[in-house]
Each structure stands twice: as structure tokens, then as C-alpha cells.
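Following: one structure in C-alpha cells, then a few remarks.
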Amino acid sequence: MSEDQLPGPSEFKHLVRADRLPAKPIVLTANETERSALAERFGLPAISTLEANVALEPDGPAIKAKGRVTASFEQLCAVTQEPFVNSLDEQVDLIFVPETADHGPVSDEEIELEETDLDTIEFEGQSIDIGEAIAQTLGLSIDPYAEGPGADAAREQAGIIGDDETTPSGPLAEALAALKKD
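Just remember that my numbering sits 254 ahead of the position in the sequence shown, which is counted from 1.
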């Protein structure tokens with residue numbers, strides 16, 4: 255299999271040769287087709303912008319990637335299911351490591367991860383897919399419980415919160431209050 259036919263999602267593929275890292279930071283801007291495919295992948299109505307500025311630096315056999323990802327997108331309110339505009343500005347701090355054949359024995363034992371174990375991505379062959387890493391950063395940064403501007407009004411209309419927004423109201427709140435009295 256050639257490196258441009260790597261398995262997995264390819265909505266925002268941007269391969270970089272591990273042995274020919276660019277001296278300057280990579281600037282990636284998703285085009286309309288890529289944004290549309292990523293919006294579908296992450297269950298968003300639309301992605302207006304997706305940009306990344308990432309510096310790559312060798313660290314022995316590993317490659318460090320540091321920079322920023324910014325995006326503007328529509329998502330559905332967790333309360334009303336109405337679309338609203340949201341954005342993110344996230345730091346990227348990843349380490350690409352060559353894939354190893356031996357991942358050790360699988361165990362039910364709980365393991366402690368160190369900070370350096372997080373955000374580690376294995377790569378196979380001679381290329382890393384920085385575009386897919388950016389796509390995954392976007393996907394992990396989207397708050398699935400984000401609330402749009404009409405969330406509080408919808409709660410109040412449904413009787414979930416009172417006028418002061420701190421006192422629950424409605425049948426469930428009344429039942430819970432009765433239990434507390436007992």
C-alpha cells in the first residue's frame with residue numbers, strides 16, 4: 255500500500271515526510287470540500303473555517319508537532335437542537351512516534367498515563383498525516399453539550415428552571431423537594 259493510500263479517514267489528509275520535515279511551520283487551511291466532509295464526520299451542520307499553524311521538529315525517531323488550530327462552525331444546541339455558531343482556538347502539542355510491532359500484552363490491569371503519553375500518534379512508513387491529526391484535534395475539541403443562545407429560554411418554557419435560573423421548577427423539582435423534606 256502506498257503512503258497516499260493510508261487507511262482511515264482522509265477528509266483533510268496532508269502527508270509530511272518524516273525524513274524531510276519543513277523548516278518553517280506548516281499552515282493548513284481546509285477547503286470547502288474538506289470542511290463539508292469533516293462537518294459530516296463530526297455531526298456538525300457546517301464548518302466555516304478550519305486553519306492550523308503547526309511547527310514540526312524531530313526528536314530522535316519521534317516528531318514533535320506544536321501550534322494552534324482555529325475553527326468556526328455551526329453545531330446543534332444540546333438543549334434546543336437549534337444550530338448556532340461556535341468557534342475554537344486550541345493549542346496543538348502532539349508527538350508522532352514510529353509504530354512498533356510489539357504493543358505488549360493486553361491486560362485488564364489499570365495503567366497510569368504520564369502527560370507525555372497523551373497526544374501520542376503512531377505512524378507507519380515514512381510519512382505522518384498532520385491533516386488527520388488536525389481533524390482529530392477539531393473533533394476532540396468540540397463540546398458535545400454546548401448550549402446555544404436559546405437554551406435558558408427553552409428550559410424555562412419547559413419548566414426545568416424557574417425565573418431566577420437557579421431554582422429548579424416543574425413536577426420533577428417538586429417531587430425532589432418533597433423527598434428532601436422527608
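Cβ atoms here follow ideal geometry from the backbone N, Cα and C, with glycine treated the same way.
Please list the terminal residues of the continuous alpha helix (DSSP H) segment that includes T391. Counted from its first residue, the sequence shown places residue 391 at position 137. Start and end: I384 to S395.
What number of angstroms, rounded off, separates the C-alpha of N340 from the C-alpha of F296? Here residue 340 is taken as the residue at index 86 of the sequence shown, counted from 1. Here residue 296 is taken as the residue at index 42 of the sequence shown, counted from 1. Taking the straight line from one Cα to the other gives about 14 Å.
Can you say whether C345 is buried or exposed, counting buried as having 16 or more other CB atoms within 10 angstroms of its CB? Taking the sequence shown and counting its residues from 1, one reaches residue 345 at position 91. For clarity, residue 345 is Gln in the given sequence; the question names Cys instead. It counts as exposed.
Straight-line Cα distance separating F350 from S326: As a position in the sequence shown, residue 326 is number 72, starting the count at 1. As a position in the sequence shown, residue 350 is number 96, starting the count at 1. Their backbone Cα atoms lie some 26 Å apart in a straight line.
Quick one: Cα of A400 to Cα of A332, how far? The residue you call residue 400 lines up with position 146 of the sequence shown. The residue you call residue 332 lines up with position 78 of the sequence shown. Answer to the nearest angstrom: the Cα atoms are 6 Å apart.
Given that a residue counts as buried once 16 or more other Cβ atoms are within 10 Å of its Cβ, and exposed if not, what is R271? Counting from one through the sequence shown, the residue named residue 271 turns up at place 17. So R271 ends up on the exposed side.
Taking just the CA atoms, how far does I365 sit from D397? For the purposes of this step, residue 397 is taken as residue 143 along the sequence shown, with counting starting at 1. For the purposes of this step, residue 365 is taken as residue 111 along the sequence shown, with counting starting at 1. Taking the straight line from one Cα to the other gives about 27 Å.
Between which residues of its own chain and H268 is the CB-CB distance below 7 Å, once the five residues before and five after are set aside? Stepping through the sequence shown from its first residue, residue 268 is reached at position 14. Excluding sequence neighbours, H268 sits near L282, D383, I384 and G385.
Does DSSP put E311 in a helix, in a strand, or in coil? Within the sequence shown, residue 311 is the residue found at index 57, counting from 1. Looking at E311 - three-state DSSP - the assignment turns out to be strand.
Residues that DSSP places opposite G413 in a beta bridge: Working through the sequence shown from its first residue, we reach residue 413 at position 159. G413 pairs with nothing; no bridge assigned.
Host beta strand (DSSP E) of S326 (start-end): In the sequence shown, the residue the question calls residue 326 occupies position 72. Here the beta strand (DSSP E) through S326 covers A316 to L330.
Does M255 come out as helix, strand or coil in the three-state DSSP assignment? On the sequence shown, residue 255 is found 1 positions in, with the first residue counted as 1. The predicted position of M255 is uncertain, since its pLDDT is 37 and thus under 50; no value can be drawn from it.
Close Cβ partners of A284 (< 6 Å) along its chain, the five nearest in sequence each way excluded: In the sequence shown, residue 284 corresponds to position 30, counting from 1. Within the same chain, A284 has close Cβ partners F266 and L304.
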